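Participant: Positions in the sequence shown are counted from 1; adding 9 to them yields the working numbering. All C-beta atoms, glycine included, are put in the ideal place defined by N, C-alpha and C. Owing to the predicted nature of the structure, the values given are computational and were not obtained by experimental measurement.
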Amino acid sequence: MHLTFLGAAGTVTGSKYLLEIAGRRLLIDCGLFQGYKQLRLQNWAPLPIEPATLDAVLLSHAHIDHSGYLPLLIKNGYGGRVWCTPATAALCRLLLPDSGHLQEQDAEYANRKGYSKHHPALPLYDKQDAIDALPALEGVAFGEWFEPCAGVRVRFRQAGHILGAASVEIEADGQRLLLSGDLGQAGDPIMHDPQPPPAVDYLVVESTYGDRLHPDSDPAKALAEVVNRTAGRGGMVLIPAFAVGRTQTLLYHLHALKEQGAIADLPVFLDSPMAIDASELLCRFASENKLTAAQARAVCATAHYVREREESIALNARTHPMVIISASGMATGGRVLHHLKARAGNPDNTILFTGYQAGGTRGAALLGGAREIKIHGRYVAVAAEVANISAMSAHADWQGILTWLGNVPAPKRTFITHGEPAAADALRLRLHERLGWQAEVPVQGERVQLQ
């Protein structure tokens with residue numbers, strides 16, 4: 010049995026793990042690299058494996074850094090099933106076509122404005138490529154064992170990160186492997202806590218916040234302070250937010266704050282068709298979160314939905330205090346870029362981040378104090394307040410990860426992935442000092458033998 014780290018090694022994006030078992034090959038996660046240009050360029054490089062040689066693909070969850078390479082994998086020859094939870098399948102049916110559409114839009118805009126070095130600029134894949142990939146999705150309920158290929162048993166365990174997010178447990182050749190996927194925070198107002206792991210022989214664990222603790226503060230109170238402070242000076246709050254997970258949490262808190270009278274009843278606009286559809290899935294998959302269907306409907310009704318491009322453009326003519334939530338969460342693409350161009354130069358406004366910002370993204374640059382950012386080939390001045398509510402993260406911090414591991418006996422080998430180098434190494438050290446485990450931080454492309 011061999012495991013090769015094809016992504017999320019030394020970075021938090023591009024999640025891909027190749028598991029080889031007696032001639033069978035499984036790919037766990039199939040994500041896009043995001044952030045620094047040298048990482049994004051890896052999306053264009055051929056995979057070191059032929060897609061047609063894979064026997065199965067398993068998805069931990071639907072976020073693009075875990076699922077976004079699927080259209081290319083299938084376009085380039087993979088003909089098998091993509092196994093995931095039903096909610097992940099439903100979300101992928103939203104996210105993947107949207108990803109292709111955004112790439113088409115970016116390429117078209119680059120060609121029209123002439124800022125690309127490529128003539129013509131082309132999308133990595135288009136919307137039709139993504140649509141063509143959707144029939145491969147196969148949903149399996151949490152806790153249900155299944156065989157994606159001969160001699161391999163798999164089940165999904167709730168990870169709490171977003172709807173459908175799972176840790177992936179694999180049994181083969183008398184060995185048991187667990188890949189944590191992205192672990193959510195315990196006590197999240199919407200998602201259930203991550204399901205405790207079983208005893209396993211080998212563990213792959215994420216480390217997004219492996220070197221940090223979330224502040225012991227109330228994210229709702231922090232959100233109210235930002236909204237009230239900004240509205241008090243006549244400005245608007247622009248929140249780049251992940252369409253799946255973070256947007257729904259923000260709507261939950263804004264709904265509660267309005268109900269309590271803790272913030273003014275100013276308009277909230279959700280400017281992301283995909284985030285709108287993802288929010289509506291809260292009702293469909295009510296059994297997988299803490300909200301009743303009625304509560305989910307009330308939360309979603311907090312925002313005015315903006316689906317059409319013309320409506321989105323019209324938002325930037327508004328001058329009264331308001332809140333705009335728009336994808337993407339790291340300000341790497343989508344409609345939020347047009348709002349940033351229109352709003353970042355006004356010191357009355359606030360740009361509010363509520364999640365992890367990978368190195369090399371505009372979000373990371375803004376949180377780092379950048380006074381100008383490059384959007385669509387041109388630099389935009391930043392005079393707006395830039396704020397961050399890290400307590401709203403959908404990732405467990407290092408203490409949460411150690412709590413999740415609980416009293417599980419030490420695996421034969423533990424691999425720390427899905428984190429920047431400092432975060433991954435910090436978690437490695439904490440696992441050693443606090444649990445007595447010997448853990449490893451693999452590098453991109455490393456292949457290890459598990460027996």
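If contacts are defined as beta-carbon pairs under 8 Å, then L192 and L212 qualify, I think. What distance do you get, rounded to the angstrom?
Facilitator: Locating residue 192 in the sequence shown gives position 183, counting from the first residue. Locating residue 212 in the sequence shown gives position 203, counting from the first residue. Going by Cβ atoms, the distance from L192 to L212 rounds to 12 Å, so no, they are not a contact pair.
Participant: Assuming V389 is part of the beta strand (DSSP E), what are its boundary residues?
Facilitator: Residue numbering aside, residue 389 sits at position 380 when the sequence shown is read from its first letter. Its beta strand (DSSP E) spans residues 387 to 390.
Participant: Straight-line CA distance for S399 to A287?
Facilitator: As a position in the sequence shown, residue 399 is number 390, starting the count at 1. As a position in the sequence shown, residue 287 is number 278, starting the count at 1. Answer to the nearest angstrom: the Cα atoms are 22 Å apart.
Participant: Within the region 354 to 386, note down every full alpha helix (DSSP H) run reaching 4 residues or more, in order along the chain.
Facilitator: Here the runs fully enclosed are 371 to 376.
Participant: Of all the alpha helix (DSSP H) runs that stay within the bounds of the region 406 to 444, which reach a length of 4 or more residues?
Facilitator: 407 to 414, 430 to 439, all fully within the region 406 to 444.
Participant: Does the distance from the C-beta atom of L100 to that of L35 stay below 8 Å?
Facilitator: Looking up residue 100 in the sequence shown gives position 91. Looking up residue 35 in the sequence shown gives position 26. No, Cβ-Cβ distance for L100 and L35 is not below 8 Å.
Participant: In this structure, how does DSSP classify Y45 when only helix, strand and coil are distinguished?
Facilitator: Working through the sequence shown from its first residue, we reach residue 45 at position 36. In the structure shown, Y45 sits in coil (DSSP, three-state: anything other than H, G, I, E or B).
Participant: Give me, in chain order, the residues of the same chain whose beta-carbon lies closer than 8 Å to that of L291; leave out the 5 immediate sequence neighbours on both sides.
Facilitator: Indexing the sequence shown from 1 puts residue 291 at position 282. Answer for L291: L172, I199, Q257, N298, L300, A305, V308, C309, listed in chain order.
Participant: Going by beta-carbon coordinates alone, are A396 and L361 separated by less than 8 Å?
Facilitator: Within the sequence shown, numbered from 1, the residue matching residue 396 stands at position 387. Within the sequence shown, numbered from 1, the residue matching residue 361 stands at position 352. In this structure, L361 lies closer than 8 Å to A396 by Cβ.
Participant: Can you list, in chain order, the residues of its chain whose CB lies under 6 Å from that of P129, leaving out five sequence neighbours each side?
Facilitator: To locate residue 129, count along the sequence shown from 1; it is residue 120. Hits under 6 Å: N120.
Participant: Where do the ends of the beta strand (DSSP E) carrying I30 lie?
Facilitator: If you number the sequence shown from 1, residue 30 lands on position 21. 26 to 30 is the span of the beta strand (DSSP E), which, as asked, contains I30.
Participant: Inspect the CB distances between the region 327 to 336 and the region 238 to 250 and report whether three or more fall short of 8 Å.
Facilitator: Verdict: yes, contact present.
Participant: Rounded to the nearest angstrom, what separates S321 and Y365 at their Cα positions?
Facilitator: Mapped onto the sequence shown, residue 321 falls at position 312. Mapped onto the sequence shown, residue 365 falls at position 356. Each residue's Cα considered, the two are about 25 Å apart.
Participant: Do G454 and F155 have their beta-carbon atoms positioned less than 8 Å apart in this structure?
Facilitator: In the sequence shown, the residue the question calls residue 155 occupies position 146. In the sequence shown, the residue the question calls residue 454 occupies position 445. Not closer than 8 Å, so no.
Participant: Tell me whether E59 sits in a helix, a strand or coil according to DSSP, three-state version.
Facilitator: Mapped onto the sequence shown, residue 59 falls at position 50. Coil at E59, not helix or strand.
Participant: With a threshold of 16 other CB atoms inside 10 Å of the CB of K230, please say whether the residue is buried or exposed.
Facilitator: For this step, residue 230 is matched to residue 221 along the sequence shown. Label assigned to K230: exposed.
Participant: Whole angstroms are fine: how far does the CA of N416 sit from the CA of G445?
Facilitator: Here residue 445 is taken as the residue at index 436 of the sequence shown, counted from 1. Here residue 416 is taken as the residue at index 407 of the sequence shown, counted from 1. Answer to the nearest angstrom: the Cα atoms are 12 Å apart.
Participant: Taking C-alpha atoms, which residue in R439, E429, E442, C158 lies nearest to L28?
Facilitator: Within the sequence shown, residue 28 is the residue found at index 19, counting from 1. Measuring from the Cα of L28, the nearest candidate turns out to be C158.
Participant: Indicate the three-state DSSP secondary structure (helix, strand or coil) for P206 in the structure shown.
Facilitator: Walking along the sequence shown from the start, residue 206 turns up at place 197. Three-state result, P206: coil.
Participant: Distance check for A233 and D42, CA to CA, integer angstroms please.
Facilitator: For the purposes of this step, residue 42 is taken as residue 33 along the sequence shown, with counting starting at 1. For the purposes of this step, residue 233 is taken as residue 224 along the sequence shown, with counting starting at 1. In the sequence on display, residue 42 carries Phe and not Asp. F42 and A233: Cα-Cα distance of roughly 34 Å.
Participant: Counting only the same chain and skipping the five closest in sequence on each side, list residues whose C-beta sits under 6 Å from that of R352.
Facilitator: What you label residue 352 is simply residue 343 of the sequence shown in a count that begins at 1. Hits under 6 Å: L247, N358.
Participant: I'd like the span of the alpha helix (DSSP H) that includes L79, first residue to last.
Facilitator: Indexing the sequence shown from 1 puts residue 79 at position 70. L79 -> alpha helix (DSSP H) spans 79 to 84.
Participant: Looking only at its own chain, which residues have a Cβ that is under 6 Å from the Cβ of D135, when we skip the five neighbours before and after it?
Facilitator: Taking the first residue of the sequence shown as position 1, residue 135 is located at position 126. Once the five neighbours on either side are set aside, the close Cβ partners of D135 are G109, E113.
Participant: For L414 versus R439, is the C-beta distance shorter than 8 Å?
Facilitator: Residue numbering aside, residue 414 sits at position 405 when the sequence shown is read from its first letter. Residue numbering aside, residue 439 sits at position 430 when the sequence shown is read from its first letter. Contact: no.
Participant: Out of M401, L324, P60, A374, state which residue places its alpha-carbon closest to the alpha-carbon of A250.
Facilitator: On the sequence shown, residue 250 is found 241 positions in, with the first residue counted as 1. Measuring from the Cα of A250, the nearest candidate turns out to be M401.
Participant: Can the beta-carbon of G160 be found closer than 8 Å to that of R33?
Facilitator: The count along the sequence shown starts at 1 and reaches residue 160 at position 151. The count along the sequence shown starts at 1 and reaches residue 33 at position 24. It is a contact, given that the beta carbons lie within the stated cut-off.
Participant: I'd like the ranges of any alpha helix (DSSP H) spanning at least 4 consecutive residues and lying wholly in the region 91 to 168.
Facilitator: You should have 95 to 122, 136 to 142.
Participant: Who are the near neighbours of V149 in its chain, counting only those whose CB is closer than 7 Å to its CB and skipping five residues on each side?
Facilitator: Taking the first residue of the sequence shown as position 1, residue 149 is located at position 140. Once the five neighbours on either side are set aside, the close Cβ partners of V149 are W92, T94, F155, F165.
Participant: Could you check which residue in K25, D74, S69, L146 has the C-alpha nearest to that of P57?
Facilitator: Here residue 57 refers to the residue found at position 48 of the sequence shown. Of the candidates K25, D74, S69, L146, the one whose C-alpha sits nearest the C-alpha of P57 is K25.
Participant: Enumerate in chain order the residues of its own chain whose CB-to-CB distance from Q167 is below 7 Å, with the five nearest sequence positions on each side excluded.
Facilitator: The residue you call residue 167 lines up with position 158 of the sequence shown. If we look at Q167 and ignore the five residues flanking it on each side, its Cβ neighbours are F151, A175, H201, P203, Q204.
Participant: Below 6 Å CB to CB, which residues in the same chain sit around G89 once its five sequence neighbours on both sides are set aside?
Facilitator: Along the sequence shown, read from residue 1 onward, the residue named residue 89 stands at position 80. So the qualifying residues of the chain are A65.
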